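One structure is given below, encoded as structure tokens.
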Amino acid sequence: MTELSSEKLINEIIEILADAEAPIISTGAGMSSESGVRTFRGEDGYWREHRAEDLASPEGLRKDPELVWEWYGERLKAYEDIQPHAGYHALVQLQDQLGKLPVVTQNVDGLLQKAGLIDVVELHGNLKTASCINRCGAPSVPINEELFEHLPPHCSCGSILRPDVVLFGEQLPEQALRRALNLAETCDLILVIGTSMLVYPASSLPLIVLRRGLPVIEINPEETPLTSLAGVISIHGAAGQILPLLVEGVSLR
Ligand code: BJW
Ligand code: ZN
Numbered sequence: 008m009t010e011l012s013s014e015k016l017i018n019e020i021i022e023i024l025a026d027a028e029a030p031i032i033s034t035g036a037g038m039s040s041e042s043g044v045r046t047f048r049g050e051d052g053y054w055r056e057h058r059a060e061d062l063a064s065p066e067g068l069r070k071d072p073e074l075v076w077e078w079y080g081e082r083l084k085a086y087e088d089i090q091p092h093a094g095y096h097a098l099v100q101l102q103d104q105l106g107k108l109p110v111v112t113q114n115v116d117g118l119l120q121k122a123g124l125i126d127v128v129e130l131h132g133n134l135k136t137a138s139c140i141n142r143c144g145a146p147s148v149p150i151n152e153e154l155f156e157h158l159p160p161h162c163s164c165g166s167i168l169r170p171d172v173v174l175f176g177e178q179l180p181e182q183a184l185r186r187a188l189n190l191a192e193t194c195d196l197i198l199v200i201g202t203s204m205l206v207y208p209a210s211s212l213p214l215i216v217l218r219r220g221l222p223v224i225e226i227n228p229e230e231t232p233l234t235s236l237a238g239v240i241s242i243h244g245a246a247g248q249i250l251p252l253l254v255e256g257v258s259l260r
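Shown next, in the form of structure tokens:
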């Protein structure tokens, strides 16, 4: 961990970022909190109201599918109106400057794409479609208002439908995970924004970059298990405030 005054630290990060030729970004729920998205483990977090295993596990889904679908319905509704904040626009600016900027995300809110990020790797799936909990082979269906008319929604085979997100204990989408691991093995810098770093395997990506001896930069107002690791440069602050400063600094160099 590097301890410097904020201004010095920001200048140091700008220099490192400006030297990178193939940086990648990794985001979690905190990247969207300034757009009004609730986190999972923060003060405003969903896990303050419900246990993670009740809402985000296959067992929870089978036990109380209505509760889980109500939760996803509430979140979908919230995502309809949200807009990317200044931090998102800064990432798009960086993408334009570099010509490419792969972003690996744990988020399902669609804000990266809405902002204009082109290369987004969705590690935990998304909320576009739902499929049969019993994998009967029926095609996945779009998640739309109709689906919420009678909860829980059912597959044509009579089983319950589930959103195509990754719940605890489930494997991540193979292609997305392979791409994310490959990016961590080939990038020359990773910028980790707004994740508690508690959920594997997303949490392993910066560790791969660290092991390769390359820069790992973290933006988070709180400490995480990454913060204290040797070699990590951690800046304590909000993504919407820090990212514009960094990208502006890079563009001036
Ligand atoms: C700001 C900010 C601002 C605020 N600016 N920052 C023991 C038993 C069983 C399993 C395991 C086990 N040990 C490990 C595992 C594996 C498990 C895991 O990691 N569990 C740990 C919790 C212990 N992982 C899995 O099961 C994964 N699958 C897997 O590993 O398969 C192989 C395997 C299977 C079985 C056993 C072992 C291996 C799947 C993980 C799926 C996670 N699913 C969820 C919900 C689905 C998606 C959705 O509905 O959205 O994904 S849970 C939830 O957590 C969601 C998130 O994507 C994920 C991560 O949360 P995130 O993004 O980090 O958010 P928060 O809230 O935690 O943090 C927000 C941060 O932002 C904070 O740090 C704030 O400070 C910060 N912040 N404002 C910048 N303005
Ligand atoms: Zn089915």
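Just so you know, we're using my numbering here: the sequence shown kicks off at 8 and counts up by one. Note that beta-carbon positions come from the ideal geometry of N, C-alpha and C, so glycine has one too. Note that the structure is a prediction, hence the values are computed from the model and not measured.
To the nearest angstrom, how far is it from the Cα of residue i to the Cα of residue j?
| i | j | result |
| --- | --- | --- |
| residue 135 | residue 123 | 18 Å |
| residue 196 | residue 86 | 30 Å |
| residue 176 | residue 64 | 7 Å |
| residue 103 | residue 77 | 38 Å |
| residue 210 | residue 204 | 5 Å |
| residue 152 | residue 214 | 40 Å |
| residue 70 | residue 145 | 22 Å |
| residue 178 | residue 130 | 10 Å |
| residue 100 | residue 163 | 45 Å |
| residue 90 | residue 96 | 11 Å |
| residue 257 | residue 226 | 16 Å |
| residue 19 | residue 74 | 47 Å |
| residue 34 | residue 112 | 5 Å |
| residue 200 | residue 230 | 12 Å |
| residue 55 | residue 62 | 12 Å |
| residue 32 | residue 149 | 28 Å |
| residue 184 | residue 114 | 14 Å |
| residue 143 | residue 206 | 29 Å |
Within a Cβ cutoff of 7 Å, which residues of the same chain sit near residue i, ignoring the five residues on either side of it in sequence?
| i | result |
| --- | --- |
| residue 92 | 41, 42, 247 |
| residue 255 | none |
| residue 272 | Outside the displayed range of the chain (8 to 260) lies residue 272, so it cannot be described from this structure. |
| residue 72 | 159, 167 |
| residue 45 | 51, 52, 53 |
| residue 269 | Any question about residue 269 goes unanswered here, given that the chain covers just 8 to 260. |
| residue 169 | 68, 137, 138, 140 |
Would DSSP call residue i helix, strand or coil?
| i | result |
| --- | --- |
| residue 135 | strand |
| residue 149 | strand |
| residue 33 | strand |
| residue 10 | Note that residue 10 scores a pLDDT of 49, beneath 50, so its modelled location is shaky; the value from the coordinates is reported in the next line. The answer is coil: DSSP assigns residue 10 none of H, G, I, E or B. |
| residue 170 | strand |
| residue 242 | strand |
| residue 197 | strand |
| residue 41 | helix |
| residue 223 | strand |
| residue 99 | helix |
| residue 111 | strand |
| residue 73 | helix |
| residue 28 | coil |
| residue 230 | coil |
| residue 127 | strand |
Mind checking whether the beta-carbon of residue i lies closer than 7 Å to any heavy atom of the ligand BJW?
| i | result |
| --- | --- |
| residue 222 | no |
| residue 175 | yes |
| residue 208 | yes |
| residue 172 | yes |
| residue 155 | no |
| residue 255 | no |
| residue 43 | no |
| residue 178 | yes |
| residue 225 | no |
| residue 199 | no |
| residue 66 | no |
Among residues of its own chain, excluding the 5 on either side of residue i, which ones have a beta-carbon nearer than 6 Å to its beta-carbon?
| i | result |
| --- | --- |
| residue 9 | Because residue 9 carries a pLDDT of 49, less than 50, the predicted location of this residue cannot be relied on, and the following value inherits that uncertainty. Only 240 meet the Cβ criterion. |
| residue 141 | 166 |
| residue 17 | 252 |
| residue 27 | 195, 196 |
Just checking residue i against the ligand ZN - is the residue's beta carbon closer than 7 Å to any of the ligand's heavy atoms?
| i | result |
| --- | --- |
| residue 147 | no |
| residue 166 | yes |
| residue 40 | no |
| residue 258 | no |
| residue 141 | yes |
Quick one: what's got a C-beta closer than 8 Å to residue i's C-beta in the same chain, skipping five residues either side?
| i | result |
| --- | --- |
| residue 80 | 155, 158 |
| residue 260 | 21, 22, 25 |
| residue 173 | 130, 131, 132, 179, 180 |
| residue 221 | 194, 195, 196, 197 |
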